[in-house]
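Take a look at the structure below.
Right, dumping it as structure tokens:
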């Protein structure tokens, strides 16, 4: 649509100049104004849900009232032999809910679903929103009785370990409280999520890393750059380099390490490069890997390597 408006403007301008008609040339301002308006507009905000209906999959898109173009596809691994099929749908203005149905074979390990929204001129892109079916949940489970004994809940004080935060109290009151316990101290792990690039793959690897740490007895929390601390990955967030993650007994930074947001001072620290499975990418980033190792961190090419490292 944007290309058509520019084409119409160019044709009107050329016709006006060829015919010596200023009025015809001025008509080119109308499609140019329309293009500028569409280029200035923000893309619609979206939330995506997926459910299976018989042999088909139904994608439900909830959005605001802005018009735009929405692309939907499954996030295949970098080294996948076939690129995922991208489906495009135009979202009319004021329409809040869209539904798309198509056939998708069932998988034992479903891939994350990616949705990208653009304004009508394709000049601005909204950060994609991802869901999984079934959604992997690596929220730490309550530890069994006999490991620690609960004592009381008290207000958070600077220096209190992140692992002691009472997330239910935070959700209800908006204020930080910590659980006071007696007995053996549990180990904590912080998974730092840098989702500026390859977001779906980063999220999947972060969830897998949290699962592995939970299996090894760590109390796991996420720190999403651009969002903050979270007991589980938020449904929607805007990735950025903002934030100062706390250290756990183990701290894991998950991202596509073209450029890292921060060099962790935590010990031990592990960097997982989701793009590192591609040997060509890994070779290009050897200098960065050396810098991270010089800072005392260990660089891994996937969450599964974390199982052997911790």
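In UniProt numbering, the protein residues as written are 1 to 310. Beta carbons are placed, not taken as given, at the ideal position from N, Cα and C, and that holds for glycine.
For residue 190, the enclosing beta strand (DSSP E) begins and ends at 187-194.
Rounded to the nearest angstrom, the Cβ distance from residue 43 to residue 117 is 4 Å, consistent with a contact under 8 Å.
Here the segment 214-221 makes contact with the segment 186-197; the two share three or more CB pairs at distances below 8 Å. Residue burial is scored here from C-beta neighbours: residue 295 has fewer than 16 other C-beta atoms within 10 angstroms and is therefore classed as exposed. Going by C-alpha positions, residue 241 is about 35 Å away from residue 57.
Contact annotation: the segment 271-279 touches the segment 192-205, with at least three C-beta pairs closer than 8 Å. Around the Cβ of residue 47, a 10 Å sphere holds fewer than 16 other Cβ atoms; the residue is exposed.
Out of 175, 121, 212, the CA that lies nearest to the CA of residue 34 is found in 121. As DSSP reads the structure, residue 20 sits in no beta bridge. Excluding sequence positions up to five before and after residue 230, its CB lies within less than 8 Å of the CB of 221, 222, 223, 224, all in the same chain and listed in chain order.
Going by beta carbons, residue 88 and residue 69 fall inside the 8 Å limit. Boundaries of the beta strand (DSSP E) harbouring residue 272: 269-273, taken from the DSSP string. The beta carbon of residue 194 is closer than 6 Å to those of 225, 255, 261 in its chain, skipping five residues each way along the sequence.
Using a 10 angstroms sphere on the CB of residue 60, the tally of other CB atoms stays under 16, which defines it as exposed.
Distance between residue 86 and residue 227, taken at the CA atoms: about 28 Å. The shortest C-alpha to C-alpha distance from residue 124 to any of 39, 19, 235, 306 is the one to 39.
Taking each of 247, 249, 209 in turn and checking the Cα distance to residue 232, the smallest one comes out for 209. By the 16-neighbour rule on beta-carbons within 10 angstroms, residue 91 is buried. Residue 99 has its alpha-carbon roughly 15 Å from the corresponding atom of residue 114.
One thing to note: residue 252 has its Cβ within 8 Å of the Cβ of residue 192.
Measuring C-alpha to C-alpha distances from residue 244 to each of 266, 257, 258 identifies 266 as the nearest. Here residue 201 is not near residue 282, since their CB atoms are 8 Å or more apart.
Note on geometry: alpha-carbon atoms of residue 212 and residue 177 lie some 27 Å from one another.
Going by beta carbons, residue 94 and residue 126 fall outside the 8 Å limit.
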